[in-house]
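Position 1 of the sequence shown, counting from 1, maps to 4 under our numbering, and the rest follow consecutively.
Virtual Cβ for every residue (Gly too), placed ideally from N, Cα, C.
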Amino acid sequence: MFFSIIAIYLAAVNIAAYFLIRADKKRAMNKEWRIEEIVLFSFCFMGGFIGIHLAMERYRHKTQHWQFRAAVIISAVIFFDNFTALIFYANA
């Protein structure tokens, strides 16, 4: 039950993160108001690093910014480290 909730949460966060990057790219192309980078970083560290990475590659958006590449890698490492610990302690 607990892992089902986590899976639903991660799916929702990653889908939202993907569409945030997509929306930011469209706004950038139309020279409109942009989504703040802190919002994108927040979604990345809330578990949306997969969605952000996929959208960055798909839409070629923020790919030259080392901060975003680093945030995706760091948040993935932190997430998998914490998830491994959670599984270990849940089975102990």
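For residue 69, the enclosing alpha helix (DSSP H) begins and ends at 69-93.
Nearest neighbour of residue 72 by Cα position, chosen from 4, 82, 59, 46, turns out to be 59. In the DSSP assignment, residue 60 falls within the alpha helix (DSSP H) that extends over 52-62. At a Cβ-Cβ threshold of 8 Å, residue 74 and residue 51 do not count as neighbours. By the 16-neighbour rule on beta-carbons within 10 angstroms, residue 17 is buried. Where residue 25 is concerned, the enclosing alpha helix (DSSP H) starts and stops at 5-32.
For residue 44, the enclosing alpha helix (DSSP H) begins and ends at 40-46.
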